[in-house]
Structures are given as structure tokens and as C-alpha cells.
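S.K.: Chains as they are written, first to last, in full-length UniProt numbering: chain Y, 1 to 356; chain G, 1 to 215.
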Amino acid sequence: MWSTGEPADSYYAVRPECTDVPKSRFKIRAGKTLSARKWQTAFSPEGHLDIGKTLSRIQRGGIHPSIRGEVWEFLLGCYDPRSTFDEREQMRQRRRTQYARWKEECSEIFPVVGSGRYITAPVITEDDAGSSDADAIAATSEIVKELTSRGPLDKKVIQWLLTLHQIGLDVVRTDRTLVFYENKENLSKLWDILAVYAWIDTDVGYCQGMSDLCSPMIMLLEDEADAFWCFERLMRRLMMWALEYDPDLFDMYEESDSASDKAEGSKGRAKSIRHYGKFERENMKNGAGTEAPLPISVFLVASVLKDKSAKLLTEARGLDDVVKILNDMTGNLDAKKACSGAMKLHKKYLKKAKKT
Amino acid sequence: MGAYRADEDYDYLFKVVLIGDSGVGKSNLLSRFTRNEFSLESKSTIGVEFATRSIHVDDKVVKAQIWDTAGQERYRAITSAYYRGAVGALLVYDVTRHVTFENVERWLKELRDHTDSNIVIMLVGNKADLRHLRAVTTEDAKAFAERENTFFMETSALESLNVENAFTEVLTQIYRVVSRKALEVGDDPAALPKGQTINVGDDVSAMKKVGCCSA
Numbered sequence: 001m002w003s004t005g006e007p008a009d010s011y012y013a014v015r016p017e018c019t020d021v022p023k024s025r026f027k028i029r030a031g032k033t034l035s036a037r038k039w040q041t042a043f044s045p046e047g048h049l050d051i052g053k054t055l056s057r058i059q060r061g062g063i064h065p066s067i068r069g070e071v072w073e074f075l076l077g078c079y080d081p082r083s084t085f086d087e088r089e090q091m092r093q094r095r096r097t098q099y100a101r102w103k104e105e106c107s108e109i110f111p112v113v114g115s116g117r118y119i120t121a122p123v124i125t126e127d128d129a130g131s132s133d134a135d136a137i138a139a140t141s142e143i144v145k146e147l148t149s150r151g152p153l154d155k156k157v158i159q160w161l162l163t164l165h166q167i168g169l170d171v172v173r174t175d176r177t178l179v180f181y182e183n184k185e186n187l188s189k190l191w192d193i194l195a196v197y198a199w200i201d202t203d204v205g206y207c208q209g210m211s212d213l214c215s216p217m218i219m220l221l222e223d224e225a226d227a228f229w230c231f232e233r234l235m236r237r238l239m240m241w242a243l244e245y246d247p248d249l250f251d252m253y254e255e256s257d258s259a260s261d262k263a264e265g266s267k268g269r270a271k272s273i274r275h276y277g278k279f280e281r282e283n284m285k286n287g288a289g290t291e292a293p294l295p296i297s298v299f300l301v302a303s304v305l306k307d308k309s310a311k312l313l314t315e316a317r318g319l320d321d322v323v324k325i326l327n328d329m330t331g332n333l334d335a336k337k338a339c340s341g342a343m344k345l346h347k348k349y350l351k352k353a354k355k356t
Numbered sequence: 001m002g003a004y005r006a007d008e009d010y011d012y013l014f015k016v017v018l019i020g021d022s023g024v025g026k027s028n029l030l031s032r033f034t035r036n037e038f039s040l041e042s043k044s045t046i047g048v049e050f051a052t053r054s055i056h057v058d059d060k061v062v063k064a065q066i067w068d069t070a071g072q073e074r075y076r077a078i079t080s081a082y083y084r085g086a087v088g089a090l091l092v093y094d095v096t097r098h099v100t101f102e103n104v105e106r107w108l109k110e111l112r113d114h115t116d117s118n119i120v121i122m123l124v125g126n127k128a129d130l131r132h133l134r135a136v137t138t139e140d141a142k143a144f145a146e147r148e149n150t151f152f153m154e155t156s157a158l159e160s161l162n163v164e165n166a167f168t169e170v171l172t173q174i175y176r177v178v179s180r181k182a183l184e185v186g187d188d189p190a191a192l193p194k195g196q197t198i199n200v201g202d203d204v205s206a207m208k209k210v211g212c213c214s215a
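#1: Under 7 angstroms, do L76 of chain Y and R233 of chain Y count as touching if we go by C-beta distance?
#2: Less than 7 angstroms between the beta carbons of W199 of chain Y and C106 of chain Y, yes or no?
#3: Quick one, which residues of the segment 169 to 190 of chain Y are near chain G if we go by CB-CB under 9 angstroms, in chain order?
#4: So, do the segment 116 to 125 of chain Y and the segment 138 to 151 of chain Y have three or more beta carbon pairs nearer to each other than 8 angstroms?
#5: In chain order, what residues of the same chain lie with their CB nearer than 7 angstroms to the CB of D175 of chain Y, ignoring the 5 residues before and after it?
#6: Three or more C-beta pairs closer than 8 angstroms, one from the segment 107 to 115 of chain G and one from the segment 35 to 44 of chain G: is that the case here?
#7: I'd like to know whether the C-beta atoms of F33 of chain G and I174 of chain G end up nearer to each other than 7 angstroms.
#8: Among Y:G341, Y:R101 and Y:N332, which residue has its Cα nearest to the Cα of Y197 of chain Y?
#9: Identify the continuous alpha helix (DSSP H) that holds K63 of chain G and give its terminal residues.
#10: According to DSSP, D94 of chain G sits in a beta bridge with which residue or residues?
#11: Is the Cβ-Cβ distance between K127 of chain G and T96 of chain G less than 7 angstroms?
#12: Taking the CB atoms as reference points, tell me whether A166 of chain G and V124 of chain G lie closer together than 7 angstroms.
#13: Would you mind giving the Cβ-Cβ distance between D129 of chain G and E159 of chain G, rounded to the nearest angstrom? I have them listed as a contact below 8 angstroms.
#14: Is the distance from the Cβ of E49 of chain G to the Cβ of D68 of chain G below 7 angstroms?
#15: Check whether the segment 42 to 52 of chain Y and the segment 12 to 25 of chain Y are in contact - that is, three or more C-beta pairs closer than 8 angstroms.
#16: Can a CB atom of chain Y be found closer than 7 angstroms to the CB of V48 of chain G?
#17: What are the complete beta strand (DSSP E) segments, minimum 3 residues, inside the segment 143 to 175 of chain Y?
#18: Flag V204 of chain Y as yes if its beta-carbon sits less than 7 angstroms from any beta-carbon of chain G, otherwise no.
#19: Which residue spans inside the segment 116 to 169 of chain G form an unbroken alpha helix (DSSP H) run of at least 4?
#20: Counting only the same chain and skipping the five closest in sequence on each side, list residues whose C-beta sits under 6 angstroms from that of L161 of chain Y.
#21: Starting from F43 of chain Y, follow the alpha helix (DSSP H) in both directions and report where the run begins and ends.
#22: Could you pull the start and end residues of the beta strand (DSSP E) that L13 of chain G belongs to?
#23: Should V113 of chain Y and I119 of chain Y be called a contact, given that it needs their Cβ atoms to be closer than 7 angstroms?
#24: Name the chain G residues that come within less than 7 angstroms of L319 of chain Y, Cβ to Cβ?
#25: What do you reckon, are the CB atoms on A338 of chain Y and L300 of chain Y nearer than 7 angstroms?
#26: Excluding five sequence neighbours on each side, which residues of the same chain lie with their C-beta closer than 7 angstroms to the C-beta of L190 of chain Y?
#27: Check V57 of chain G in the structure and name its three-state DSSP category.
#28: Does DSSP put K23 of chain Y in a helix, a strand or coil?
#29: Quick one, which of Y:D307, Y:C207 and Y:E108 has its alpha-carbon nearest R74 of chain G's?
#30: Can you tell me whether E8 of chain G is helix, strand or coil according to DSSP?
#31: Using a Cβ-Cβ distance under 7 angstroms, would residue 386 of chain Y count as near chain G?
#32: Between the segment 206 to 238 of chain Y and chain G, which residues of the former have a C-beta closer than 9 angstroms to a C-beta of the latter?
#33: If you draw a straight line from the alpha carbon of N28 of chain G to that of A157 of chain G, how long is it in whole angstroms?
#34: Short of 8 angstroms Cβ to Cβ, which residues in the segment 100 to 126 of chain Y face chain G?
#35: Checking 7 angstroms against the spacing of the C-beta atoms, do D94 of chain G and V163 of chain G come in under that value?
#36: Give me the chain G residues within the contact set of C18 of chain Y, using Cβ-Cβ distance strictly less than 7 angstroms, ordered along the chain.
So, in C-alpha cells, the structure goes:
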């Protein structure tokens, strides 16, 4: 058991030499924070989860660090709350096998994957910016030289190899105030997951910022494959929300896709993205009657923007002011306020969606 | 020089961009110059940020608005907005990673494609404190800078070496370009009604009090 109001910082220890790390405002509060015991009672004997029971507690008091990993798996949609313990265990094993297979594919091309090491220097460079034809690249590592000696590289392989050092450059800068990342194994775990993700999602690949999103998964879930799947779900949701929330982003995505990559099948890809949007839209509407997890993120963004709209409208005279106002929020967001604002907007949205 | 003064009190506002490969130290150069801070634990930059600081050049107050962005290639989608109105640029590489120096050429091309030809460019070799790891010689970089007609300096954001000098030099040079332009405009009566004829940029950079058409 824990005492009332225990800060959660002790669960994510900071290196002693890092002195100006902001303290978490989150506190573990008995009776408010979702505890391991309370979480377990939300399951039926077969394993059906009454997630609605836990959501309001999570929203008000947060999740105890000891169970965050398993709770997040449900919140991110890795598992259907209506499934049974057995079904989930089977699915978990299937997913672990799938991850292992992908990782093996990666490691066959580039054996640093899965080796406990990672790279920060390019292994391949484009001679000509923008083009990634097999003859316009230069191998800068022995591994890739060996690879190219066997024949011209596939375009997908080239694109992937081009991102690996970027992932490494960011991995070493991710949450590096934490003791957790003093352990080099955790750095290579983060690198492996991001490298495998870039391999299987060629649309997104790797984009700076993804290492920050992936980091909590690794800390909360011990098994690398489980962490990967949580991250995969998160990316999927981010994509859906982003496209759902901002149609311009969708246009931009489509545009940049066809401009930078004239490969066949880009039409089909765009279609699949559109499909995600539709799926999410229906999910949101259906959420009115069921206990489905709330897609709270999009409302979170909306509530923050709403909160700042007066400031944005009166003070912003140009792009630079907008950038400044939005950047000033970074690290200063009142999470509780933003969440309750998001819940209000969500309620309002559901009311309107029901009417139409 | 070196005083951190009130935000609104300036004669000139210049937009300066920081560019260069991922992890060369752009963000720490910015924080060293604008806040005299350096972080060993800094994260990769996402999106764009900027910070300001005012310095004195001659008897004028020059406010620098310095923009910083992610180094990853794919963030180039925001390129044109990032470069718009820039009158100065610090093109940064890491003296311990030769590949970041090799990419300088590419950055230079992008910069010249998106900005006015009068832009003041300084090549900056950062992390000069890591002497035992040096992979790019000063001579090579100097030769490159001469060939490409840019200024050059080696810096260390960590040791606060030359950071002040690099920014101040760029800002002073921009000031020279701008005041020379203003002078030329002043000599040519036909150009007078146009007011802010500062071709080094359009958006952000502008003369605040020196503009001839101000009411």
C-alpha cells in the first residue's frame, strides 16, 4: 500500500546529476488513483473488463505506476475489453511471434537490429538529394557494402537504411535525464522498436518526435514486443486523429506522398488512410451508447486551442506569434484542466452527433 | 553589448535561421546565445522554435529573432515558411562528425534556393570543445567557407566559446547590408516613396524607426 499523496517520481528515477528536471505534479492518492486491486476487480472471472468502471477514476486520479503498462494496453486499444483472459493471451503470443518475425527480417538486412547495439552514423548516403535510386547511393558501412555486393538494393530497403542513424541520433537524446536509459540495453530496445516500426510502416517511417512517444511504452512494458504493439496502436490512433481533426493535414499528407514518392500504390495508401478516418468517426458516434474508450486526444487538442483562442486571436499578428504562443505551452500545460475541458467538449460533440 | 533588454525597444528586427544536420547542436547554440543556457540533456527539436535577443551595433539596437528547427530531412516540408524573411543564417555542422560537414553543401543549396541573395551566411563548426574527437579540420572548413563566400567560425555551445561572436558577427553584417541599402535608397530620390526597400527579406525584417515613410 502507499501513503496518500505520494509523488510518482520515484518510479521514474532521475539521474542525480540532473538537477533542473521539473517535478511531476502527479500524485498517487489512495481512493482516487486507480490501484492494482481496484483494477483487478474490474475483470469478470473469464477476463471481461468493465472499462467504464475504471475510466472516471483514471481521469480523476490517474493510474498507479505499477499497473500502467497493462492499463495502457487497453486504453490504446491493443485488446478488446470484451475479450477473455485466454483470448488475450493467444493474441499476445501471436503478436509476439509477428514482431519477432519482422525483427528477424530487419536483422537479416542490417544485423545491428537485435544485436544490443545501435547506430548514429549514416550507413548509406544519397549522392543526389531527393533521389534514392540504387545507383545514386553510397554505402558507408561494411554491412551495407556487403549487402550491395549481392545486388542492387530494393527501394524500400534504401529508404529504411537512410533512417536508421536518425533514429539512433534521437534515441540517445530521449528522456536522458532518467536512470532507466543509463542502461544501454534500454537504448537499443528503443532503437530496435523504432527501426522495426519504420520497416513495417513505410508511409510514416521514422519522424523526429516518435522516439519520445515510444519511450514510455518501453518503460511501462517489460516485453519488447508488447511495447512495440502499444506503440503501433498509439501511432495508428495519432494518424487517425490527426487526419480526422484536420482535413488540411490529410491533403498535405496526400500531396507530399505523391510528390516525394511516385511509387505505385500511393493511391491505395491514401484510401486506406481515409478509411481510418471514417472508422474513427463511426467509433466516436457509437461511443455515445457504449462503453468504448473515448478518443480523448482530439478533444484535448480542441480544448487547449479553445483555451488559447482569445490569446491567439488578439495577440497573434503573424506566424511567429502563433509559434511562440503554442511553444510557450510546451511543458506548462495544466493536464487536469485540459482533460476536463476535453471531456466537456466530447459531451457536447456526442450530443450534436446524436442529433444529426 | 550583451545586455538583455526589454523586448519592444529596438531599431532593427532581423530574422536569422539555424540550419544543419540533426544533433549538431543548433538548439544549444540558440539557448546559449539567447538565455546563456546549455543543456546536456536536451531532446531532439520537433517542429520550429524561435527566441530573441537584442544587441547593440553602433548606436542602434538590433533585435535578433533566431529560428531553430528539426534537422531531419523530412521536416523540410515546412522549409519555405521557415526561411521566409530570413536575412541571416548560421549553417551548423559538428566538428566531430564528418558527415555533418559533408552535408553542408546540401544545406547551402537549400538555403540559397529559398532566400534572398543578400542573406548573410556563417558556417559554424560546433562542439569545438571535443578536441580529441575532432573529425573536421579548421583548414578544410575555412577553405570551404572561402570558396562559398560565407563567414566561418568554430564554436562550443558547451564552453560558451565564440557563440556570442558568431551571432554578433552575423547580426553586424546584416546591419551593414541593411544600412548600406538604406543609404542607397536615401541617395535616390525616386526610390523614396517606396519606404522599406530592404531586399534582404520581406516578412520579419524591417526597419522600425529608420523607414523613410513612417508617419
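For every residue, glycine included, the Cβ atom is placed at its ideal position computed from N, Cα and C.
M.R.: Considering the structure as presented:
#1: The sequence position of residue 76 of chain Y within the first sequence is 76, counting from 1. The sequence position of residue 233 of chain Y within the first sequence is 233, counting from 1. Yes. Within cutoff.
#2: One-based indexing of the first sequence puts residue 199 of chain Y at position 199. One-based indexing of the first sequence puts residue 106 of chain Y at position 106. Against a cut-off of 7 angstroms, the Cβ pair of C106 of chain Y and W199 of chain Y comes out as a contact.
#3: L169, D170, V172, R173, T174, D175, R176 and T177
#4: yes
#5: Numbered from 1 along the first sequence, position 175 holds the residue referred to as residue 175 of chain Y. Only Y181 and S215 meet the Cβ criterion.
#6: no
#7: As a position in the second sequence, residue 33 of chain G is number 33, starting the count at 1. As a position in the second sequence, residue 174 of chain G is number 174, starting the count at 1. Cβ distance not < 7 angstroms, so F33 of chain G and I174 of chain G don't count as in contact.
#8: Taking the first sequence and counting its residues from 1, one reaches residue 197 of chain Y at position 197. Closest option to Y197 of chain Y, Cα to Cα, is Y:R101.
#9: Sequence index remark: in the second sequence, residue 63 of chain G carries index 63 (1-based). Premise fails: K63 of chain G lies in the beta strand (DSSP E), K60 to T69, not in any alpha helix (DSSP H).
#10: Within the second sequence, the letter at position 94 stands for residue 94 of chain G. D94 of chain G pairs with G:N126.
#11: For this step, residue 127 of chain G is matched to residue 127 along the second sequence. For this step, residue 96 of chain G is matched to residue 96 along the second sequence. Result yes, Cβ atoms of K127 of chain G and T96 of chain G sit closer than 7 angstroms.
#12: Walking along the second sequence from the start, residue 166 of chain G turns up at place 166. Walking along the second sequence from the start, residue 124 of chain G turns up at place 124. Cβ atoms of A166 of chain G and V124 of chain G: closer than 7 angstroms.
#13: The residue you call residue 129 of chain G lines up with position 129 of the second sequence. The residue you call residue 159 of chain G lines up with position 159 of the second sequence. Correct: roughly 5 angstroms between the Cβ atoms.
#14: As a first step, residue 49 of chain G is located in the second sequence; it is residue number 49 there, counting from the start. As a first step, residue 68 of chain G is located in the second sequence; it is residue number 68 there, counting from the start. Yes, the Cβ-Cβ distance between E49 of chain G and D68 of chain G is below 7 angstroms.
#15: no
#16: Numbered from its first residue, the second sequence carries residue 48 of chain G at position 48. Yes, V48 of chain G lies at the interface with chain Y (some Cβ there is under 7 angstroms from its Cβ).
#17: none
#18: Position 204 of the first sequence, counting from 1, holds the residue named residue 204 of chain Y. Chain G contact via Cβ: absent.
#19: 138 to 148
#20: Position 161 of the first sequence, counted from the first residue, corresponds to residue 161 of chain Y. Excluding sequence neighbours, L161 of chain Y sits near V123 and I124.
#21: To locate residue 43 of chain Y, count along the first sequence from 1; it is residue 43. Premise fails: F43 of chain Y is in no alpha helix (DSSP H) and is neither H nor E.
#22: Indexing the second sequence from 1 puts residue 13 of chain G at position 13. Y12 to G20 is the span of the beta strand (DSSP E), which, as asked, contains L13 of chain G.
#23: Counted from its first residue, the first sequence places residue 113 of chain Y at position 113. Counted from its first residue, the first sequence places residue 119 of chain Y at position 119. Contact: no.
#24: Start at 1 with the first residue of the first sequence, and residue 319 of chain Y comes out as number 319. Ordered by position in chain G, the residues that pass the 7 angstroms Cβ test against L319 of chain Y are A81.
#25: Taking the first residue of the first sequence as 1, we reach residue 338 of chain Y at position 338. Taking the first residue of the first sequence as 1, we reach residue 300 of chain Y at position 300. A contact, by the Cβ cut-off of 7 angstroms.
#26: On the first sequence, position 190 is the one that residue 190 of chain Y refers to. Once the five neighbours on either side are set aside, the close Cβ partners of L190 of chain Y are V171, T174, S211, C214, S215 and I218.
#27: Working through the second sequence from its first residue, we reach residue 57 of chain G at position 57. Note: V57 of chain G maps to strand in three-state DSSP.
#28: In the first sequence, the residue the question calls residue 23 of chain Y occupies position 23. In the structure shown, K23 of chain Y sits in coil (DSSP, three-state: anything other than H, G, I, E or B).
#29: As a first step, residue 74 of chain G is located in the second sequence; it is residue number 74 there, counting from the start. Selected option, being the one with the closest Cα: Y:C207.
#30: To locate residue 8 of chain G, count along the second sequence from 1; it is residue 8. Residue state, collapsed to three classes: coil.
#31: As shown, chain Y starts at 1 and ends at 356. That puts residue 386 of chain Y outside it, with no answer to give.
#32: Y206, C207, Q208, G209, S211 and D212
#33: The residue labelled residue 28 of chain G in the question sits at position 28 within the second sequence. The residue labelled residue 157 of chain G in the question sits at position 157 within the second sequence. Whole-angstrom Cα-Cα distance: 6 angstroms.
#34: T120, A121, P122 and T125
#35: Locating residue 94 of chain G in the second sequence gives position 94, where the first residue counts as 1. Locating residue 163 of chain G in the second sequence gives position 163, where the first residue counts as 1. Cβ atoms of D94 of chain G and V163 of chain G: not closer than 7 angstroms.
#36: Numbered from its first residue, the first sequence carries residue 18 of chain Y at position 18. Within 7 angstroms Cβ-Cβ: E41.
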